[in-house]
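FYI, in numbering that gives the first Met the number 0 the residues of the sequence shown are 0 to 325. Backbone N, C-alpha and C define an ideal beta-carbon position, used for all residues, glycine too. Contents: one structure, followed by commentary.
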Amino acid sequence: MQEQGFAPALVMQENISLRDKNWFNTGGPARFFCEPRTIAEFQEALQYANIHALPLFVLGQGANVVISDDGFNGLVIRPQLNFITVQERIDTSVILHVGAGAHLSAVITYCLGNNILGLEEFSGIPGTIGGSIYINVHYYGFLLAQFIQEATIIHKKTGATKTVPASWFEFGYDQSRLQAEEYFVVSASFNLKPCTDLEAAYARGRSVEIIRHRVSRYPSKGTCGSFFRNFHDHEVHLIINNKKMIYSAYYLDKIGVKGALNCGDASVSYQHANMLVNNGTATTHDIITIARTMQEKVYEQFGVMLRPECLLIGFDTYPLLDKDRE
Ligand SMILES: Cc1cc2nc3c(=O)[nH]c(=O)nc-3n(C[C@H](O)[C@H](O)[C@H](O)COP(=O)(O)OP(=O)(O)OC[C@H]3O[C@@H](n4cnc5c(N)ncnc54)[C@H](O)[C@@H]3O)c2cc1C
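Here it is as structure tokens:
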């Protein structure tokens with residue numbers, strides 16, 4: 000029987016499959032794996048990695064990762080700080096405090112059930128709050144950064160936590176300071192808008208419509224979303240309508256890979272040229288083989304090198320075409 004007030008310690012597991020913990024459903028196991036539920040457990044996990052000199056990876060919902068078939072030879076931490084609470088509610092704003100492990104979809108559902116507006120624009124995007132802040136999740140004109148007030152972060156080596164304003168993250172398109180991998184997110188506060196029952200009902204309808212639109216346009220399982228990021232202005236030369244063509248999907252559409260490139264049980268989606276899909280039994284090797292062919296074809300025809308938006312985890316050497324080629 001559990002003693003009253005006793006919090007069970009962090010459970011460290013060994014040789015845990017990551018295949019069922021990422022959206023591609025591919026990849027090998029994590030040598031060590033744990034799911035901290037409190038800041039103290041998160042600190043314990045970081046300390047474990049430091050003491051044993053283990054490479055470290057913090058996993059969210061695995062919606063933006065490609066994991067090597069050999070797995071990850073280190074410690075994978077999947078934070079389970081999943082709380083969602085209203086920190087403050089006044090006439091003009093609601094401050095929502097959310098744990099890094101909470102799913103974006105759960106946060107949106109909570110908001111729409113509690114007359115809070117703002118995040119519904121991200122309906123249908125898989126991911127945890129931590130992973131979504133890491134990449135500054137975006138959909139059309141909306142960036143998650145627009146709604147972040149502050150966040151509590153934890154230092155990879157020392158385990159020290161601090162609360163920082165949104166400006167600390169130096170957010171850009173697909174960018175945040177978290178990508179330096181010195182800190183991880185523990186929780187974040189969002190500045191949102193209160194609304195009436197009627198406005199909440201309207202927002203619920205909009206959320207359903209956004210999801211319907213997404214499902215009709217993009218694959219929604221066995222994928223990591225957009226595989227390659229869009230280009231930065233200075234990386235491309237092609238000008239269309241007086242603007243640099245920065246969209247990766249444009250180049251991929253032009254080379255005709257949509258629905259036409261396969262390897263094993265992986266293919267380029269027939270719905271979207273920048274999305275790869277595991278149709279059931281693909282391996283990460285299959286996915287990487289297709290991605291390399293896409294890079295090669297775009298490079299041959301346009302002289303620009305596609306770079307991944309998704310994170311490549313557990314590879315001894317960079318598995319795609321050299322990012323510095325050009
Ligand atoms: C079907 C589909 C559609 C998608 N559509 C969109 C879209 O419209 N817009 C968009 O922007 N993205 C989209 N994505 C990409 C994906 O949803 C986002 O990148 C999402 O934020 C990933 O969150 P995650 O928790 O799954 O992160 P993971 O994939 O688990 O990890 C991604 C990165 O975040 C880091 N990370 C995770 N948690 C933390 C933490 N607590 N602290 C610090 N770093 C952390 C990881 O270390 C890793 O580097 C889509 C993906 C899929 C599968």
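Residue j beta carbon less than 8 Å from that of residue i
| i | j | result |
| --- | --- | --- |
| I286 | T25 | yes |
| Q79 | E149 | no |
| I83 | V65 | no |
| N229 | I245 | yes |
| G98 | I50 | no |
| K155 | L55 | yes |
| L251 | V303 | no |
| P318 | F226 | no |
| I153 | F183 | yes |
Rounded distance between the beta-carbons of residue j and residue i, thought under 8 Å
| i | j | result |
| --- | --- | --- |
| N81 | G100 | 5 Å |
| L191 | L116 | 6 Å |
| E87 | I76 | About 30 Å separates the two Cβ atoms, so there is no contact after all. |
| V256 | P218 | Not a contact, Cβ separation roughly 14 Å. |
| G158 | L45 | 5 Å |
| L111 | S206 | 6 Å |
| G263 | T283 | That pair is no contact at about 10 Å. |
| T222 | F23 | 7 Å |
| L260 | T292 | 6 Å |
| N273 | A248 | 4 Å |
Buried versus exposed call for residue i [16 or more other C-beta atoms within 10 Å across all chains shown]
| i | result |
| --- | --- |
| E325 | In this prediction, E325 scores a pLDDT of 46, lower than 50, which makes its location untrustworthy; the coordinate-derived value is nonetheless stated afterwards. Burial call: exposed. |
| G4 | Annotation note: pLDDT 49 at G4 (below 50); position unreliable, no value reported. |
| G61 | buried |
| N14 | exposed |
| S16 | exposed |
| H212 | exposed |
| N132 | The residue asked about is misnamed: residue 132 is Ile in this sequence, not Asn. Counting Cβ neighbours within 10 Å, I132 comes out buried, since at least 16 surround it. |
| G224 | buried |
| A202 | buried |
| G241 | Reading the sequence as shown, one finds Asn at residue 241 and not Gly. N241 is exposed by the Cβ-count criterion. |
| P28 | buried |
| S266 | buried |
CB contact below 8 Å: residue i versus chain D
| i | result |
| --- | --- |
| L142 | Among the chains of the structure shown, chain D does not appear; only one protein chain is present. |
Is the segment 169–177 in contact with the segment 193–212, if contact means three or more CB pairs nearer than 8 Å? no
For the structure I just gave you, are there three or more beta carbon pairs, one from the segment 178–190 and one from the segment 142–156, closer than 8 Å? yes
Kindly confirm or deny that the segment 66–75 and the segment 296–314 touch, where touching means at least three C-beta pairs closer than 8 Å. yes
Start-end ranges of the alpha helix (DSSP H) lying completely within the segment 193–274, minimum 4 residues: 196–216 and 247–253
Length-filtered (4 minimum) alpha helix (DSSP H) runs lying within the segment 27–79: 38–50
Those runs of the alpha helix (DSSP H) which lie wholly inside the segment 119–156 and span at least 4 residues: 128–134
For the segment 271–321, which segments carrying the beta strand (DSSP E) assignment without a break, of at least 3 residues, lie completely within its bounds, in sequence order? 275–277 and 310–312
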